[in-house]
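The sequence shown begins at 0 in numbering that gives the first Met the number 0 and counts up one residue at a time.
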Amino acid sequence: MTKSDDAFRTISEVASELGLATHVLRFWES
């Protein structure tokens, strides 16, 4: 597993837990 894949999975997991779309989390990161 690469660092990039781990980061993507983390975003997906958080989005699922919070019930938010991944684009919302990506917006927060920018």
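Think of the CB as a built atom: it goes at the ideal place given N, C-alpha and C, for glycine as much as any other residue. Predicted model only: the values in this text are computed from it and were never measured.
For residue j and residue i, the rounded distance between their alpha carbons
| i | j | result |
| --- | --- | --- |
| Gly-18 | Arg-25 | 14 Å |
| His-7 | Trp-27 | The sequence shown places Phe at residue 7, not His. Straight-line Cα distance between these residues: approximately 14 Å. |
| Ser-29 | Ala-14 | 16 Å |
| Thr-36 | His-22 | The question about residue 36 has no answer here: the residues shown for the chain are numbered 0 through 29. |
| Asp-4 | Glu-12 | 12 Å |
| Ile-10 | Glu-16 | 10 Å |
is_contact[residue i, chain C] using C-beta, thresh 8 Å
| i | result |
| --- | --- |
| Ser-3 | No chain C is part of this structure, which consists of one protein chain only. |
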